[in-house]
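Novice: In my numbering, the protein residues as written are 19 to 516.
Handing you this structure, nothing more for now.
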Ligand SMILES: [Zn+2]
């Protein structure tokens, strides 16, 4: 596609393709299913592994806080009540260790997270501003345990992909994309995404991170801003003020990572057709030009219409269309949750997206669960969520965004790392060994990875906390006063494991 292609013409040409995903729920299909009692029909599919720990839903940020981990219980009940567990392997996850969390996060910050409790918070209050503790990121009972659970699930899911034990790995409790090396942010304390990607970089030459949360994926972008081995692509609302305030189209990475951060800033009220068109056009170009060897997809559900904190106009089917599109490339895929604050819709969305991943058609009538009344009055998988907010994204604005982003993507073709070999041959022995006991002993799987690359993550740990205002000077940022975060990975990359 060239830059003269108009946004409207793309929409027209893709209309037929989008119709099924955009205009209502998938068709009901009981006829071809051997599991007709659940009303689910599944087809041939990649191997999907699903990570869940029921404990993760039992933590409370506070009564009035919009982040409700309980949404994960709703999601899991719907997934199981629809019978989707028949089409994937379900794993009860282990907690991330302190050492694993320190692979990205600063020691003093992890020490703080481990120690602070509601009971001793008053004694530690002087450190709160340093670590950005406050209304958005409060101290609550079991906070660090909560972080260890959702992070452990993302790390395990990443390792499952690395071992070849899954084509797709899902952790709806993960995706906390705002957490920084040394501070909490936007309801996120530990950045499970960065930690999962660090695992993946041990084997995968190029990892693509895609973020469809309504908020900019700032924590992940910042962590990999200086490397060309991770491309971050974020679709989000941007007006300079909407949280977290970053995600301008001109934030493109720096040093070796220049052009490897991609930002697609959107305005209020974007609708299904324009969002999906933009997403597919941009991601098609990303896949062609970056050619990732693994993909991480953050599926924040606050981009849905009627979200408590959001202002887009998406229906669940359109959100899920983005998941379906990324799945269609057949690249190892780690699927994570993220934001989402109207919890009945979050759970519907992630249930539907689970069905997309296992290629099952779900009836629109929700199965009965103990949480059935959450879904009143319609009790449908696909309620109408669009229509509340006028679409402020004009065709002219979207054309300009698309043209700019596609030009950026074309400029990376031929970058050194893009031509890197796929996987070094001597990694294969490790993969084979790991594959043998993949479903049996999680700890040995974990230890195996560590013994394979004992110093990798340590060597590449950022030495200094990046100061946000310096970091986001964008194109003009020539500061040399911070260590390139993971730039070293680009150069040392493969020899770490060989
Ligand atoms: Zn969000």
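All C-beta atoms, glycine included, are put in the ideal place defined by N, C-alpha and C.
Quick check on this structure: which residue in 431, 126, 326, 296 has the alpha carbon closest to the alpha carbon of residue 15?
Specialist: Coverage of the chain is limited to positions 19 through 516, which leaves residue 15 absent and any answer about it impossible.
Novice: May I ask whether a heavy atom of ligand 1 can be found less than 7 Å away from the beta carbon of residue 377?
Specialist: No, the beta carbon of residue 377 sits no closer than 7 Å to any heavy atom of ligand 1.
Novice: Mind checking whether residue 357 and residue 231 have CB atoms under 8 Å apart?
Specialist: It is a contact, given that the beta carbons lie within the stated cut-off.
Novice: Measuring alpha carbon to alpha carbon, tell me which residue in 75, 118, 133, 364 is nearest residue 321.
Specialist: Residue 321 has its Cα closest to that of 364, out of 75, 118, 133, 364.
Novice: Out of curiosity, what's the CA-to-CA distance linking residue 395 and residue 84?
Specialist: Going from the Cα of residue 395 to the Cα of residue 84 covers about 22 Å.
Novice: Kindly indicate the opening and closing residues of the beta strand (DSSP E) around residue 94.
Specialist: It is not in any beta strand (DSSP E) - residue 94 instead sits in the alpha helix (DSSP H) that spans 88-99.
Novice: Does the Cβ of residue 414 have 16 or more other Cβ atoms within 10 Å, making it buried, or fewer, making it exposed?
Specialist: With fewer than 16 other Cβ atoms within 10 Å, it is exposed.
Novice: Does the beta carbon of residue 107 fall short of 7 Å from some heavy atom of ligand 1?
Specialist: For ligand 1, not one heavy atom lies less than 7 Å from the Cβ of residue 107.
Novice: I need the DSSP call for residue 239, collapsed to helix, strand or coil.
Specialist: Correct three-state label for residue 239: helix.
Novice: Could you tell me the distance, in whole angstroms, from the CA atom of residue 106 to the CA atom of residue 67?
Specialist: Using only the alpha carbons, I get a separation of about 5 Å.
Novice: What are the start and end residues of the alpha helix (DSSP H) that includes residue 297?
Specialist: That run of the alpha helix (DSSP H) goes 290-308.
Novice: So for residue 197, helix, strand or coil by DSSP?
Specialist: Note: residue 197 maps to coil in three-state DSSP.
Novice: Where do the N-terminal and C-terminal ends of the beta strand (DSSP E) with residue 416 fall, by residue?
Specialist: Residue 416 -> not in any beta strand (DSSP E); alpha helix (DSSP H) instead, spanning 413-430.
Novice: Would you give the residue range spanned by the beta strand (DSSP E) that residue 255 belongs to?
Specialist: Residue 255 -> beta strand (DSSP E) spans 248-255.
Novice: Based on the DSSP output, what are the partners of residue 219 in its beta bridges?
Specialist: Per DSSP, none; premise fails for residue 219.
Novice: Among 288, 76, 276, whose alpha-carbon lies nearest the alpha-carbon of residue 412?
Specialist: Residue 288 is the option with its Cα nearest to residue 412.
Novice: Go ahead and pull the three-state DSSP assignment for residue 178.
Specialist: In this structure, residue 178 counts as helix in the three-state DSSP scheme.
Novice: Where does the unbroken beta strand (DSSP E) through residue 186 begin, and where does it stop?
Specialist: Where residue 186 is concerned, the enclosing beta strand (DSSP E) stretches over 186-189.
Novice: Tell me, to the nearest whole angstrom, how far the beta carbon of residue 238 is from that of residue 195; I am working on the premise that it is less than 8 Å.
Specialist: Sure, about 5 Å apart at Cβ, within 8 Å.
Novice: Let me know the secondary structure DSSP gives residue 116 once reduced to three states.
Specialist: Three-state result, residue 116: helix.
Novice: Would residue 147 be called buried (16 or more neighbouring beta carbons within 10 Å of its own) or exposed?
Specialist: Result: exposed.
Novice: Could you tell me the alpha carbon to alpha carbon distance between residue 474 and residue 73, rounded to whole angstroms?
Specialist: The predicted position of residue 474 is uncertain, since its pLDDT is 28 and thus under 50; a value taken from the coordinates is nonetheless stated next. Approximately 31 Å, taken between the alpha carbons.
Novice: With distances taken Cα to Cα, identify the nearest neighbour of residue 209 among 306, 167, 223, 69.
Specialist: It is 167 whose Cα lies nearest to the Cα of residue 209.
Novice: For residue 189, I'd like the list of residues in its chain whose CB is within less than 6 Å of its CB, leaving aside the five on either flank, ordered along the chain.
Specialist: Within the same chain, residue 189 has close Cβ partners 69, 171, 172, 175, 354.
Novice: Might you give, ordered along the chain, the residues of its own chain that have their beta carbon closer than 7 Å to the beta carbon of residue 89, omitting 5 neighbours on each side?
Specialist: Counting only Cβ-Cβ distances below 7 Å, and skipping sequence neighbours, we find 358, 361, 364, 365.
Novice: When DSSP labels each residue in this structure, what does residue 324 get in the three-state scheme?
Specialist: DSSP places residue 324 in coil when its eight states are reduced to three.
Novice: Can you give me the start and stop residues for the alpha helix (DSSP H) that residue 315 sits inside?
Specialist: It is not in any alpha helix (DSSP H) - residue 315 instead sits in the beta strand (DSSP E) that spans 312-316.
Novice: Looking at ligand 1, does it come within less than 7 Å of residue 231, judged from the CB to the closest heavy atom?
Specialist: Yes, the beta carbon of residue 231 sits closer than 7 Å to at least one heavy atom of ligand 1.
Novice: Look up residue 394 in the DSSP assignment and say whether it is helix, strand or coil.
Specialist: In this structure, residue 394 counts as coil in the three-state DSSP scheme.
Novice: Would you say residue 357 touches ligand 1, meaning its beta carbon is less than 7 Å from a heavy atom?
Specialist: Within the cutoff, so yes.
Novice: Is the region 268-284 touching the region 244-251, taking contact as three or more C-beta pairs under 8 Å?
Specialist: Taking 8 Å as the limit for Cβ pairs, the verdict is that the region 244-251 does touch the region 268-284.
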